[in-house]
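J.: The following block contains the structure, expressed as C-alpha cells.
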Amino acid sequence: WKNTPIEERRAAIMAISGAIKENGEELYRLLTAEQGKPHEQAQGEIFGAAAMSAAQSTLELQDVINEDSETRLMRTRRVPVGVVGGIVPWNFPVMMAIQKIVPAMLSGCTIVLKPSPFTPLTTLRIAELIADKVPAGVVNIITGEEALGPLITSHPDIDKITFTGSTATGKKIMEGASADLKRITLELGGNDASIVMPDADPKKVAEQLFWSSFSNAGQICVAAKRVYIHEDIYDELSQAIAEYAKNVKVGDGSQQGTAVGPIQNKKQYERVLELIQDAKDNGYKFLLGGDSDPSGTGYFVPLTILDNPPEDARIVAEEQFGPVMPLMKFSTEEEVIQRANDSDYGLAGAVWTADPEKGVEIAEQLETGTVWINEFLHLSPFAPFGGHKQSGFGAEYGVDGLKEFTYPQVITVKRDNVPA
1324 WKNTPIEERR AAIMAISGAI KENGEELYRL LTAEQGKPHE QAQGEIFGAA
1374 AMSAAQSTLE LQDVINEDSE TRLMRTRRVP VGVVGGIVPW NFPVMMAIQK
1424 IVPAMLSGCT IVLKPSPFTP LTTLRIAELI ADKVPAGVVN IITGEEALGP
1474 LITSHPDIDK ITFTGSTATG KKIMEGASAD LKRITLELGG NDASIVMPDA
1524 DPKKVAEQLF WSSFSNAGQI CVAAKRVYIH EDIYDELSQA IAEYAKNVKV
1574 GDGSQQGTAV GPIQNKKQYE RVLELIQDAK DNGYKFLLGG DSDPSGTGYF
1624 VPLTILDNPP EDARIVAEEQ FGPVMPLMKF STEEEVIQRA NDSDYGLAGA
1674 VWTADPEKGV EIAEQLETGT VWINEFLHLS PFAPFGGHKQ SGFGAEYGVD
1724 GLKEFTYPQV ITVKRDNVPA
C-alpha cells in the first residue's frame, strides 16, 4: 500500500467518503440505536465523517530540501511507519474511526481498527460498505471486549498505536507499547474550562454555553466541563442558562423532538450519578437537576447545572463526561486564568467576550491544545488537534496529524565526492 500512488490512495478515501454519504440514512439510524444520540446529531456525525474524509484526502506531505549547494543535496521525506493499531471510543464511534483510518491510508500505512465493544455496529457496517472499494488488508476492523486492546498494543507486527479515550487507558497503552517502543498518538480526557468575561451579553451566549456543555449528553472530550462566569453577570447568565435548559427534551434519540439522549453505557451512567450524589452529599446548590431518571427505563440523567460549587468539588475537579454543568464565579482575569490552568488536563478551552483581542490575549495564557473564542467544538481537517498535560500528546487532523503516521528520513547526496 505504501507504494500505491498518492492519487490512488486519495481515490480510495473518496470512495469511503462516498459510501458513507450514500448510505447516510441507514448509518445514522444505526448509530442512534447503538450510541443513543438523537437522529439530528447522528446525522451530523455520519455526514461530518464523510465530509472530513474528503477534506483530509487533499492533505499532502511534501519533501523538504534542507540544502541545495554545489557540494551537497540534502532532502527530508516522510516514510509511512507501517501497520497502525487504532482504538476508538464509544462517544463518536464513526468520526473517531475515520479520524484514524483516513490519515493512515493517506500516509501509506495499513490499519487494524478496534471499535469500542459498546458501539461496534456502525463501524462494522461501514467496513462492509467499503470492502470492494479498498484493497484487501488496508483497512481491517476487529471487534471484542476490552481485553483485545492489550493484544493490539503489544503485537510485534504493529508499528504504531493511535488511541482516543480515557487518560487511565492511555497510560496502560503507553505501558503496552513500551516493550518495542511503538510510536503512539494519544487523544485523552479533558476537563475543559470556558471563561465568560463581564462584557459578554448573557442573552446572546446562554444558549451557546448550554450546548457547549450538553451536546451529545456531555459525552465529548472537549465539552465545557467547567464554566467560569464573571461575578458581574453571573446571576443573570446562570439563570438564563437554567431557563433555556428547562425547555430541552431529554429522551430516546430516535424520537422526534429529543435534543439530548442517554448516557451510552451503564458504567458511565453510574459514574455520572456518583459525581452528582457526591455534590448532593456535600450540600452544593443545584440550579437544575440533581437526580437520575425516575422512570428507571434507561441511562437518562436529567440536565444538571450546579450553582458555584467549590474548586475542589469532585464534580468540578474530575471530568464528568455527562450532562453536568458546574457554573463558577470569578472576579479577576488573573484569578480565572490560574483556576482554568489548575488541572491535570489540557485539551481545550473557550473564552467568551465582546473583545476578540482580549480573548486572544487570554487564550494565549491557557495551557491547552485548542482554545476557542466566541464559539465551541469546532475542529478543522486542516488544523492540528491534540492535548497537553494528561490530555495526551501528538496530533490529529491537518498536516501535523498526517505526520504522526510517518517518520522523517533524511537523504544526503555529496555532489563533489563521486567515486568514479
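Position in the sequence shown (from 1) plus 1323 gives the number in this note's numbering.
Note that CB positions come from ideal geometry on N, CA and C, so glycine has one too.
Given the structure is predicted, the values throughout are model-derived calculations rather than measurements.
Assuming Lys1487 contacts Glu1510 under a Cβ cut-off of 8 Å, what Cβ separation, rounded to an integer in Å, is found between them?
T.: Before going further, note that residue 1487 is Thr rather than Lys in the sequence given. With 8 Å as the limit, Thr1487 and Glu1510 qualify as a contact, their Cβ atoms being about 4 Å apart.
J.: By the three-class DSSP mapping on this structure, what secondary structure does Gln1385 have?
T.: In this structure, Gln1385 counts as coil in the three-state DSSP scheme.
J.: What I want to know is whether the C-beta of Lys1456 ends up closer than 8 Å to one or more non-hydrogen atoms of the ligand NAP.
T.: Ligands displayed in this structure: none; no statement on the ligand NAP is therefore possible.
J.: Give me the residue from Leu1382, Leu1611, Pro1633, Pro1632 with the minimum Cα distance to Leu1626.
T.: Per the Cα distances, Leu1611.
J.: Count the other C-beta atoms from every protein chain shown that fall within 10 angstroms of the C-beta of Asp1482, then say buried if there are 16 or more, exposed otherwise.
T.: Classification of Asp1482: buried, given that the 10 Å Cβ count is 16 or more.
J.: For Lys1360, collect the residues of the same chain with a Cβ closer than 8 Å to its Cβ; drop the 5 residues on either side in sequence, then sort them by chain order.
T.: Taken in chain order, the residues that qualify are Leu1354, Glu1368, Asn1539, Ala1540, Gly1576, Gly1584.
J.: Run through DSSP, which three-state label would Ile1552 get?
T.: Of the three classes helix, strand and coil, the one that applies to Ile1552 here is strand, per DSSP.
J.: How about the stretch 1510-1529 and the stretch 1438-1450: do they share at least three Cβ pairs that are nearer than 8 Å?
T.: The stretch 1510-1529 is not in contact with the stretch 1438-1450.
J.: Less than 9 Å separating the beta-carbons of Leu1429 and Ile1336?
T.: In this structure, Ile1336 lies closer than 9 Å to Leu1429 by Cβ.
J.: Where do the ends of the beta strand (DSSP E) carrying Ser1517 lie?
T.: Its beta strand (DSSP E) spans residues 1515-1519.
J.: With DSSP as the reference, identify every bridge partner of Ile1410, one or two as the case may be.
T.: Paired residue(s): Lys1437, Phe1486.
J.: Between the alpha carbons of Pro1679 and Ile1410, how many angstroms are there, rounded?
T.: Cα to Cα, Pro1679 sits roughly 37 Å from Ile1410.
J.: Go ahead and label Gly1715 buried or exposed: buried means 16 or more other beta carbons lie within 10 angstroms of its beta carbon, across all protein chains shown.
T.: With 16 or more Cβ atoms within 10 Å of its Cβ, Gly1715 is classed as buried.
J.: Please check the pair Ile1421 and Ile1434, which I expect to be a contact at CB under 8 Å, by giving their CB distance rounded to whole angstroms.
T.: With 8 Å as the limit, Ile1421 and Ile1434 do not qualify as a contact, their Cβ atoms being about 11 Å apart.
J.: Are the Cβ atoms of Phe1708 and Cys1432 separated by less than 9 Å?
T.: In this structure, Cys1432 does not lie closer than 9 Å to Phe1708 by Cβ.
J.: Do you know offhand how far Phe1699's Cα is from Ala1673's?
T.: Roughly 7 Å between the two C-alpha positions.
J.: Hey, how far is the Cα of Ala1459 from the Cα of Asn1570?
T.: Cα-Cα distance, rounded: 49 Å.
J.: With distance defined between alpha-carbon atoms, name the residue in Ser1517, Asn1664, Leu1596, Glu1684 nearest to Met1651.
T.: Nearest C-alpha to Met1651: Ser1517.
J.: Compute the distance between the beta-carbons of Pro1328 and Gln1379, then report whether it is under 9 Å.
T.: Not in contact: Pro1328 and Gln1379 (Cβ atoms no closer than 9 Å).
J.: Consult DSSP for Phe1370 and reduce its assignment to one of helix, strand or coil.
T.: Helix at Phe1370.
J.: What's the gap between the Cα of Gln1732 and the Cα of His1711?
T.: About 27 Å.
J.: According to the neighbour-count rule (16 or more other Cβ atoms, all chains shown, within 10 Å of its Cβ), is Leu1560 buried or exposed?
T.: The residue in question, Leu1560, is buried, as its Cβ has 16 or more Cβ neighbours within 10 Å.
J.: In this structure, how does DSSP classify Leu1452 when only helix, strand and coil are distinguished?
T.: In the structure shown, Leu1452 sits in a helix (DSSP, three-state: H, G or I).
J.: Can you tell me whether Gly1467 is buried or exposed, with buried defined as 16 or more other CB within 10 angstroms of its CB?
T.: So Gly1467 ends up on the exposed side.
J.: Cα separation between Asp1391 and Ile1734?
T.: Rounded to the nearest angstrom, the two C-alpha atoms are 12 Å apart.
J.: Report buried or exposed for Val1741, applying the criterion of at least 16 other Cβ atoms within 10 angstroms of its Cβ.
T.: Val1741 should be labelled exposed.
J.: Beta-carbon within less than 6 Å of His1362's beta-carbon, same chain only, minus the 5 sequence neighbours each way: which residues are those?
T.: Result list for His1362: Thr1355, in chain order.
J.: Taking buried to mean at least 16 other C-beta atoms within 10 Å of its own C-beta, is Gln1385 buried or exposed?
T.: So Gln1385 ends up on the exposed side.
J.: According to the Cβ coordinates, are Lys1746 and Asp1630 closer than 9 Å?
T.: Only positions 1324 to 1743 of the chain appear in this structure, which leaves residue 1746 out of reach.
J.: Give me the Cα-Cα distance between Glu1746 and Glu1634, rounded to the nearest whole angstrom.
T.: The first residue shown for the chain is 1324 and the last is 1743, placing residue 1746 beyond what the model contains.
J.: Taking Pro1704 as the reference, give the member of Asp1524, Val1528, Lys1344, Ala1374 with the closest Cα.
T.: Ranking the options by Cα distance to Pro1704, first place goes to Ala1374.
J.: With a Cβ-Cβ cutoff of 9 Å, do Glu1287 and Tyr1622 count as a contact?
T.: Lying outside 1324 to 1743, the shown extent of the chain, residue 1287 is not represented and no answer is given.
J.: Could you round the C-beta distance between Leu1382 and Val1639 to whole angstroms and report it? I think they count as a contact, below 8 Å.
T.: Not really, about 38 Å apart at Cβ, beyond 8 Å.
J.: Would Val1387 and Arg1506 be called neighbours here (beta carbons separated by less than 9 Å)?
T.: No, these two residues do not count as a Cβ contact at 9 Å.
J.: Which runs of the alpha helix (DSSP H) at least 4 residues long sit entirely within the stretch 1652-1686? Give them in chain order.
T.: Listed in chain order, they are 1656-1664, 1679-1686.
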